[in-house]
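J.: Please read through the structure below; I'll follow up with questions.
Residue numbers (this note's numbering): 2 to 229.
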């Protein structure tokens, strides 16, 4: 295993997408959904890409061939810095793909060459998302169609866990505020894991069930810092 999974903040990504077809469109849509800034370079693009770039000020379109040095374009507001921290190539031109990969690797820019794993330094995972829960599935670029299939099998899993993740932040903050000792905090967190899906569905995020949580602490002989 030679891959390292990381989660990037979408709103901190400035991406270059080279290509103007359906595959490029899919990558552009994925990037735009998480708030990334996207530049598209292609001599011909499908209408959907034109529409995205026309309607969204976070996207721009350069209708031309990729040129040597395009991965090193500079930011308009600060020419000292390169514009991109992610590059994606979705072209059928092997020479262009190799040139893009070489430029990016020389400058340390993460690069994904669609369907050519040996030219990539990063891969796109299939994603199951039910905010704030996100599960990524990767085949290291070898069989992405299987990853896309597997994510559909995780729907039932996320139905159970996504509400717990949403509540988990609120509960964990309350426990950290109320319980001093680490071992006792762990006991409280363990109790939260035992709540049924049906009971969890009755909780109101605007009015957390503090009396219930205080009752859990009493059952575990845990002294809270203060009364809430």
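Note that beta-carbon positions come from the ideal geometry of N, C-alpha and C, so glycine has one too. Since we're looking at a predicted model, the values are computed, not measured.
Sort 185, 198 and 204 by Cα distance to residue 171 and report the nearest one.
T.: 204
J.: Measuring only the C-alpha atoms, how far is residue 165 from residue 201?
T.: Using only the alpha carbons, I get a separation of about 8 Å.
J.: Which residue from 154, 53 and 211 puts its Cα closest to that of residue 168?
T.: 211
J.: Straight-line CA distance for residue 15 to residue 88?
T.: Approximately 9 Å, taken between the alpha carbons.
J.: Whole angstroms is fine: what's the gap from residue 160's alpha carbon to residue 137's?
T.: 16 Å
J.: By a C-beta neighbour count over all protein chains shown, 10 Å radius and 16 as the cutoff for buried, is residue 8 buried or exposed?
T.: Classification for residue 8: exposed.
J.: Could you tell me which residues DSSP pairs with residue 40 in its beta bridges?
T.: For residue 40, which the question treats as bridged, DSSP gives the partners 17 and 61.
J.: So, helix, strand or coil for residue 212, using DSSP?
T.: helix
J.: Tell me whether the beta-carbon of residue 60 lies closer than 9 Å to the beta-carbon of residue 35.
T.: No, the Cβ-Cβ distance between residue 60 and residue 35 is not below 9 Å.
J.: Taking only the alpha-carbon atoms, compute the straight-line gap between residue 217 and residue 174 and give it to the nearest angstrom.
T.: 16 Å
J.: Among 48, 150, 128 and 124, which one has its Cα closest to the Cα of residue 142?
T.: 124
J.: Beta-carbon within less than 6 Å of residue 122's beta-carbon, same chain only, minus the 5 sequence neighbours each way: which residues are those?
T.: 111 and 112
J.: Measure the beta-carbon distance from residue 90 to residue 115 and round it to whole angstroms, keeping in mind my assumption that it falls under 8 Å.
T.: That belief holds up - the Cβ atoms of residue 90 and residue 115 are roughly 7 Å apart, short of 8 Å.
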